[in-house]
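Residue numbers (our numbering): 5 to 106. Heads up: the structure comes next, in structure tokens.
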Amino acid sequence: VSILVFSLWIYHSSHKNTIPCTVVDKEVVSYSGEGKEDEKHYRVHTLECGMLVVEPSLRSLSTDPDDIFSHIKEDSLYEFTVTGTGVDPYSRPLNIIDYKEM
Numbered sequence: 005v006s007i008l009v010f011s012l013w014i015y016h017s018s019h020k021n022t023i024p025c026t027v028v029d030k031e032v033v034s035y036s037g038e039g040k041e042d043e044k045h046y047r048v049h050t051l052e053c054g055m056l057v058v059e060p061s062l063r064s065l066s067t068d069p070d071d072i073f074s075h076i077k078e079d080s081l082y083e084f085t086v087t088g089t090g091v092d093p094y095s096r097p098l099n100i101i102d103y104k105e106m
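Written out as structure tokens, the structure is:
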């Protein structure tokens, strides 16, 4: 079972795609636990692509999620480079690793 989970994680992290999306909203969701530092989750809501996330990934080790998220503007069209499959039930939302305003 652990080999299957690890394989799915590697595939999810390495599958790369480019998609055009119009940003309609974005939000930061913070979680804090007992004795743990606050954990931030960056969500980008789009018209065509649904909800995307911005988080560290294997493909973007040198990219700061804060930097990507802060440059994305609402009501703008972007070409997002994303990782992940976006296929339920074994997947998380697509992760933005790069962007280009169109």
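Heads up, the beta-carbon is just placed ideally off N, CA and C, and yes, glycines get one too.
Here P69 is buried: its Cβ has 16 or more other Cβ atoms, across all protein chains shown, within 10 Å.
Between the alpha carbons of V48 and E41 lies a distance of about 23 Å.
Between I23 and C53, the C-beta spacing is below 9 Å. In the three-state reduction of the DSSP assignment, S36 falls in the coil class. Nearest neighbour of S80 by Cα position, chosen from S6, H45 and K104, turns out to be K104. For the pair K30 and F73, the CB atoms are nearer than the 9 Å cut-off. D71: member of the alpha helix (DSSP H) spanning P69 to H75, first to last residue.
Just measuring C-alpha positions, the residue of Y35, S36 and E59 sitting nearest Y46 is E59. Across the structure, L51 and Y82 are spaced so that their CA atoms are roughly 11 Å apart.
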